[in-house]
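Q: Can you keep this structure in mind? I'll have questions shortly.
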Amino acid sequence: QPLLAKNCIAPGTLTSSLVLSQELLKVVTCIFILSGRSYVFHAWTLRGALVASGLPAVTYLVQNFCIQIAYQTLDPVVFNVL
225 QPLLAKNCIA PGTLTSSLVL SQELLKVVTC IFILSGRSYV FHAWTLRGAL VASGLPAVTY
285 LVQNFCIQIA YQTLDPVVFN VL
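For my numbering, add 224 to where a residue sits in the sequence shown, where the first one is 1.
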C-alpha cells in the first residue's frame, strides 16, 4: 500500500484532501448500496444517526488522516511493520 500511494499520489498533495475524498467516496457508496433498501431509511432520524455515529466517525477520520501522513513520511517496510 505505501508503495502504491507513493507512486500514484503527487508529493505536494494535501493530506486533508485525500482523506476527504476517501470519506466522500465511502458515503456515496453506502448511500448507493442502501438506496435499494428503502425500508432502512424509514426508522432513521438525522439526530439519532449523528448521535450514534458521531464519535466513531470522528475517530476514524483522525485515523485516516494519520495513515495518510504515515504513507507520505515513512519507509514502506516500516509502515507495514507498524
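Glycine residues also receive a C-beta, built at the ideal position from the N, C-alpha and C atoms.
If you follow the alpha helix (DSSP H) that residue 253 is part of, which residue opens it and which one closes it?
A: Segment 239-259, the alpha helix (DSSP H) holding residue 253.
Q: Whose C-beta lies closer than 6 angstroms to the C-beta of residue 294 among residues of the same chain, with five residues either side of it excluded?
A: If you ignore the 5 residues before and after residue 294, its C-beta comes within less than 6 angstroms of the C-beta of 303, all in its own chain and listed in chain order.
Q: Within 8 angstroms, do at least three Cβ pairs link the segment 282-297 to the segment 243-262?
A: Yes: at least three Cβ pairs fall under 8 angstroms.
Q: Let me know the secondary structure DSSP gives residue 227 once reduced to three states.
A: helix
Q: Since residue 247 contacts residue 279 with CB under 8 angstroms, what's their CB separation in whole angstroms?
A: That belief does not hold up - the Cβ atoms of residue 247 and residue 279 are roughly 15 angstroms apart, past 8 angstroms.
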